[in-house]
Amino acid sequence: MNRKKQMSDRFLIGALLALAGGFMDAYTYLCRGGVFANAQPGNIVLFGIRIAEGNFWGSLFYLIPIAAFVVGIFAALLVRRHFQMSGFHWRQSVLLAEICITVGVAFIPYGEWTNAASNILISFVCSLQVQSFRKIEQKAMATTMCTGNLRSASESFFNFCVTKHKDALVSALIYTGIILFFIVGAVLGAWLTAFFSLRALLFASAVLIVIFFLLFVRHEEQKKESQHADQGV
540 MNRKKQMSDR FLIGALLALA GGFMDAYTYL CRGGVFANAQ PGNIVLFGIR IAEGNFWGSL
600 FYLIPIAAFV VGIFAALLVR RHFQMSGFHW RQSVLLAEIC ITVGVAFIPY GEWTNAASNI
660 LISFVCSLQV QSFRKIEQKA MATTMCTGNL RSASESFFNF CVTKHKDALV SALIYTGIIL
720 FFIVGAVLGA WLTAFFSLRA LLFASAVLIV IFFLLFVRHE EQKKESQHAD QGV
């Protein structure tokens, strides 16, 4: 498949993924016990703080989502290995898993243990996403966290100021755009969680469904283009 034409690399897909990523981070923090499902460095810091306080039991509340994130990376790699040679795009299978899990979590009741289970599942979802969608417009990028994107945006802006190359400016704007969509997702997450509580996560599910069908449409178009090329059309 021509990488330049892959829908999964397009800015639209990255923007929607970032929107969902920011939303899920706000949701778990506000509605599921103050845990960052996406930002594992934050959970690692909180894990260390609980240990320093002597609260070893409480530290597990942050360690479990970290472990779930690692498991999700392994799962994404296994899915890619399994589906890569099939007609079904492996990223679509990842999105299906994300959709099913987020819909399920939206109906898990609030509680100490149920929140822990919800955070595990959402951390798993976020790790699937970060491993499966690693490039936007052929640039290394994350859609579930902003630190790396912020560094790359700053570097690109600096390069543009020094060299005046248009490509550097375009790169800076792409990174900045993904960050802004992540922020918009966090804002929507805060607003909708305030109104709909646990069910607010269904908004993120809806965004993921849109992405799934966008990938499906583009994948079918590429299959037809390939068939026409083979037939000499």
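The working numbering applies: residue 540 is where the sequence shown begins, and numbers increase by one. Glycine is no exception: its CB is placed at the ideal position from the N, C-alpha and C atoms.
*Along the chain, where does the alpha helix (DSSP H) that runs through V723 open and close?*
705 to 735
*Best match in F550, R549, G560, L551 for proximity to V669 [C-alpha to C-alpha]*: G560
*asked:* Can you confirm whether the region 721 to 728 touches the region 695 to 711 when touching is taken to mean that 3 or more C-beta pairs between the two stretches lie within less than 8 Å?
replied: no
*asked:* Only counting the same chain, and skipping five residues up and downstream in sequence, which positions put a Cβ closer than 6 Å to that of K674?
replied: D548
*Are there three or more Cβ pairs, one per stretch, closer than 8 Å when the region 658 to 667 is compared with the region 629 to 637?*
yes
*In the region 605 to 643, which residue ranges form an unbroken beta strand (DSSP E) of at least 3 residues, counting only runs that do not cross its ends?*
none
*Verify whether the separation of the beta carbon atoms of F562 and I713 is less than 9 Å.*
no
*Which value, in whole angstroms, describes the spacing of the CA atoms of G581 and F575?*
7 Å
*Per DSSP, what kind of secondary structure is A557 in: helix, strand or coil?*
helix
*asked:* I want to know whether the region 600 to 620 touches the region 693 to 703 - three or more CB-CB distances under 8 Å.
replied: no
*asked:* Spatial neighbours of L660 within its chain, please: C-beta separation below 6 Å, excluding the five flanking residues on both sides.
replied: I640, V644
_Considering only heavy atoms of the ligand HEM, does any lie closer than 8 Å to the CB of F755?_
For the structure depicted, the ligand HEM is absent and the ligand set is empty, with no information on it obtainable.
*Excluding sequence positions up to five away, which residues of its chain have a Cβ less than 8 Å from the Cβ of F751?*
Q631, L634, L635, I638
*Which residues in the same chain as N698 place their Cβ atom closer than 6 Å to its Cβ, once the five residues preceding and following it in sequence are excluded?*
A707
*Under three-state DSSP, which class holds A679?*
strand
*From which residue to which residue does the alpha helix (DSSP H) around P580 run?*
579 to 591
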